[in-house]
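Residue numbers (this note's numbering), protein chains in the order written: chain P, 460 to 942; chain V, 317 to 726. Where is the CB? At the ideal position from N, CA and C, for every residue including glycine. For reference, the structure discussed in these notes is given below.
Structural data, given as C-alpha cells:
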C-alpha cells in the first residue's frame, strides 16, 4: 500500500472582511465568537517543546510526578510517528498550535461570578439553563481551563465527587488520580495520546461511591474559543461497585481559517455491577482536528454505554474502546456520524472481551453529504479467555449524494470457539419511495429527506435526554439544509 | 524447501484496499519464499505437474508465454487507464497493478523473478463449451511450482474450467502456487472452479484477477481443504454494465494450519451485481484471516453487492479474523455484508440428539453440510467425490480423538 493519494483537503473557509468570516451563517448557535482581549488570557508560545511543557506544569502547580509524566510523554510523542491508516492530518502543524490558553480567572462555583464575555458564550449555548433544568452537575471549560463548576447539593450529599481535574490532582484525590491517570490510555498508545500526556489541561474528575445511583446526569461542556489553539482536557470517571451515573459531554468551537486541535482523553473505570452511560454530542467547528481517545474498563457485571453523535470537526479520529475485563460485563456503543462538506470523519468503536460471559453491542449510523467522507471503523476482539461471550455489530451507511464517500471497515478477531459473534452492515441511499410517500402527504422534499435522515439516526437520539435529542435533530436539519 | 537458515524473499500480499489499525494485523500478510524455492521453480520445466490436460478444439492454448511480456501486454491493451483512476481515487486507495489480482504486485514480481512461463487459454466469440475443461495438478513430495494462466473468454462464449490440485500418494510437503487472470468479453460466461486438496505441510497460494465486460457472468467456486499455509487472493473488476459475479468459498482449517484470504469485488458498471459467500470450518489450533470487500466506485449506479461469511469454530485455540468491508463512492447502490462466527448451537445439537444422532455424529454432519454448500457446486462428480473423500480423511486421521468436538475425545 502507499499513501500516494493521501492528501489532506484544505480547511474549507470563505474568506471575509476579517479573514475569519464564517462560512455557515446558520451555524451561529455554535459559531459565534467573542473577541478575546490579550490581557484577559494567558497563553504559552506556539509549538511543543520541553520548555512549554514545563511552563504548563508550573502554571498548573502540578505535583512533581505529574511533571515527570508530562516530560516522559513528550519524549514518547517525539518518538512516535503519525499513523497512516486514518484521515490525513498533514494540515495540522504542531508548530503553530498553542497548547495552553487560560482565561485570567479562577474557576467559579457561582455562575454570576464567571467573567461576562465567557458567561455570554455559555449562555448562548444554553449551559446554565440546562443545569437548572435537568443536570446534577455542570463543568464548563473555556479553552484550556474550567471556568465554572458546580454540583447540586443533593448529588454532593450522596458522596459524589464531581470536580475539575486540577482540583482533584492537587487536593485530597491526588492518590486516586495518580492510580488511574492514563492507565487505560497510556502515552505509548499512539502519538496523540502521548501529546495529551504532555500538555493535558482541564477536564473533569468524577467519583461515585459504592451503591450510589445518581438519578440526573452530570455534564461537562467544552468550548474552544481561541484560534490556532489546542484543547487537551482529561476526563476521569470512577464508578464504584453497584453505582450508577450518566455523564454527558458537549463540545463546540467557532470556526477559524487556521487549524484547531482537540486531543482529549477520557478514562472510565466501571466497578463491579456498576453502570455508566457516557453521552457525547460533538459539534466542533469545521477547522478542528479532533484526535480524541476514549476508553472504559468494566469489572465483573459492570456495564458501560456509549452514546455518541459526531457532527463537527474537519477531521476526526474517534473510537471509544470498552475493555470487558470482568466476567459478565457488558458494553454498548450507539453512534451517529454526519460528515458534510469539507469533513473527513473516521469514527467507530472497539470492544475487547476478556472475561467470561461478556457481551457487547455496536449500533452505528453514518451519513455523508456534500463531499463529506465518513468512515466507520471498528474492532471486536474476543480473547481465548472470553468463553461464552457474545458480540453483535450493526452498521448502516447512508449516502446522500455521489460526491461523498462512505466506508465501513469493521474487524473481528475471535480466539475461542465458545463465543457467538455476528456482524451486519449496509450501505445505501434514501429510499425514493419513502420520499415520494412523504411528499404525497404534503411534506416538502427537503423536509421529507431530513425526516428520513433523522429517522435513520433515531437509535442515537432516542437514547439521549430530550433536550440533547432535540439538539441532535437540529444539527441534522442544519446539515441537511447546507451544501 | 525453505528452512530458517536459508535466504528468503518476504512478499507482502493480500493488501487490504484501505488501511486500518496496525494492531489488527490485517493490512496485509507476509509470505516467505526461500531463494532455494525460487531457484528450483526457475530451473524446472513448465508446466511441471499438470496431468495431460484436454482442451476443446475451439480453444486456443498457448504455452510458454513470458510473464514479463504478459504484464506489458496488459498495459498495451490500455488497462493502465484504469490504473490512473485508482491513483486519482479518493483517499486512501491505490492499486499498483495494471491488471489487479487479489494477492497483489509481489506475486507478479515473484513470477517474473522465477521466469515461469504463462499459459494463455483463449475461447473465441460465440462458442459454448458444454463439458468442463479439467486441469489437474498432482504434486509429489518436495514439489516447488507456480502455474500461471490467462483465460480470455470471447463475447457471448460460455465455458466451465476446473483446476484441481492434489498430491501423489504419500506426499507430505511442497510449495504450489497458481495465478489466474481472467478477461471476460461481453455476455461471456465462465464458471471457474478451484479445488485444493494438498497435504498438510504444503504451502499453497492462489492469486486471481478478473475483468468483466458488459453483461458477462463469472461464477467462481473455490474449495480449499488442505495445505498448511494457504494464501488466497481474488480481485474482481466489474467494469461492464450489468455484469454478474458470484463467489463461493468453502474451507476447512485443520490443526496448525494458516489461511489468509483477500477477496475484493469492485463495482464500476451500472447495475453490476456481486455475491460472495464464505463457508468454513475451523478445527482446534487453526488460524484464518479474511478480508472481504465490496467496493462501489463512482458511476456504478444501481449496483448491488452482497457478501456473507459463516464460520464454524471447533476448537479452543482457533484464531478467526475477519474484516468485511464496504467502500462506497456512489450513492445509488445497495451493499450488504454479514458475518457470523461461532459454535454449533446447543439447541441444534439437542435437536439432533432427540432424533437419535449422537453429538459427535451431529457435529460431523453439520461440518459436512457446511462444506457441501460449496462442493455441490462442482459439476464434476469425480472431483466432488475426491473433495468429500479428503474431508473423510480429515476425520479418519483423528486417531480416536474427535476432531469435530472441542476438547478432543468423546
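Got a sec: is the Cβ-Cβ distance from residue i to anything in chain V below 8 Å?
i	result
residue 869 of chain P	yes
residue 890 of chain P	no
residue 935 of chain P	no
residue 874 of chain P	yes
residue 754 of chain P	no
residue 786 of chain P	no
residue 543 of chain P	yes
residue 887 of chain P	yes
residue 764 of chain P	no
residue 838 of chain P	yes
residue 516 of chain P	no
residue 812 of chain P	no
residue 878 of chain P	yes
residue 808 of chain P	no
residue 471 of chain P	Reliability of the predicted coordinates at residue 471 of chain P is poor, the pLDDT of 45 falling under 50, and the value obtained from them is presented with this limitation in mind. It does not; no Cβ of chain V falls within 8 Å.
residue 939 of chain P	no
residue 884 of chain P	yes
Mind reading off the beta-carbon distance from residue i to residue j? Whole number of angstroms is fine, and I expect it under 8 Å.
i	j	result
residue 516 of chain V	residue 544 of chain V	5 Å
residue 550 of chain V	residue 418 of chain V	4 Å
residue 435 of chain V	residue 465 of chain V	5 Å
residue 665 of chain P	residue 621 of chain P	5 Å
residue 664 of chain V	residue 627 of chain V	In fact, because the Cβ distance is near 16 Å, the residues do not count as touching under 8 Å.
residue 641 of chain P	residue 661 of chain P	No, residue 641 of chain P and residue 661 of chain P are not in contact; Cβ-Cβ is about 15 Å, not under 8 Å.
residue 582 of chain V	residue 607 of chain V	Wrong, their Cβ atoms sit about 14 Å apart, outside the cutoff.
Smallest Cα separation from residue i: which of the options?
i	options	result
residue 747 of chain P	P:738, P:801 and P:792	P:801
residue 758 of chain P	P:793, P:703 and P:814	P:814
residue 860 of chain P	P:773, P:723, P:796 and P:828	P:828
residue 444 of chain V	V:422, V:430, V:501 and V:472	V:472
residue 422 of chain V	V:609, V:521, V:586 and V:627	V:521
residue 839 of chain P	P:808, P:533 and P:646	P:808
residue 785 of chain P	P:848, P:534, P:826 and P:874	P:848
residue 541 of chain P	P:652, P:638, P:639 and P:910	P:652
residue 476 of chain V	V:680, V:671, V:694 and V:640	V:694
residue 663 of chain P	P:609, P:843 and P:617	P:609
residue 591 of chain V	V:559, V:691 and V:573	V:559
residue 493 of chain V	V:611, V:503, V:482 and V:620	V:482
residue 556 of chain V	V:675, V:533, V:701 and V:347	V:533
Using a Cβ-Cβ cut-off of 8 Å (strictly less than) and excluding sequence neighbours within five positions of residue i, which residues of its own chain qualify?
i	result
residue 370 of chain V	449 and 450
residue 730 of chain P	669, 697, 698, 699, 700, 701, 702, 758 and 761
Beta-carbon of residue i versus every beta-carbon of chain P: anything under 8 Å?
i	result
residue 639 of chain V	yes
residue 656 of chain V	yes
residue 665 of chain V	no
residue 340 of chain V	yes
residue 659 of chain V	yes
residue 540 of chain V	no
residue 633 of chain V	yes
residue 653 of chain V	yes
Whose C-beta lies closer than 7 Å to the C-beta of residue i among residues of the same chain, with five residues either side of it excluded?
i	result
residue 907 of chain P	894, 897 and 898
residue 365 of chain V	453, 454, 455, 459 and 461
residue 654 of chain V	624
residue 629 of chain V	598, 636, 657, 658 and 659
residue 923 of chain P	738, 766 and 931
residue 820 of chain P	791 and 851
residue 880 of chain P	839, 841, 850, 871 and 873
Would residue i pass as a contact of residue j if the rule is Cβ separation under 8 Å?
i	j	result
residue 885 of chain P	residue 914 of chain P	no
residue 433 of chain P	residue 558 of chain P	As displayed, chain P neither begins before 460 nor continues past 942, which places residue 433 of chain P out of reach and without an answer.
residue 605 of chain V	residue 342 of chain V	yes
residue 646 of chain V	residue 617 of chain V	yes
residue 722 of chain P	residue 670 of chain P	no
residue 441 of chain V	residue 389 of chain V	no
Got a sec? Which residues, its chain only, sit under 6 Å from residue i by beta carbon, not counting five neighbours each side?
i	result
residue 1005 of chain P	Because chain P here runs from 460 to 942, residue 1005 of chain P falls outside it and cannot be looked at.
residue 505 of chain P	555 and 557
residue 659 of chain P	691 and 693
residue 378 of chain V	436
residue 752 of chain P	644, 652 and 724
residue 537 of chain V	509, 564 and 693
residue 705 of chain P	676 and 736
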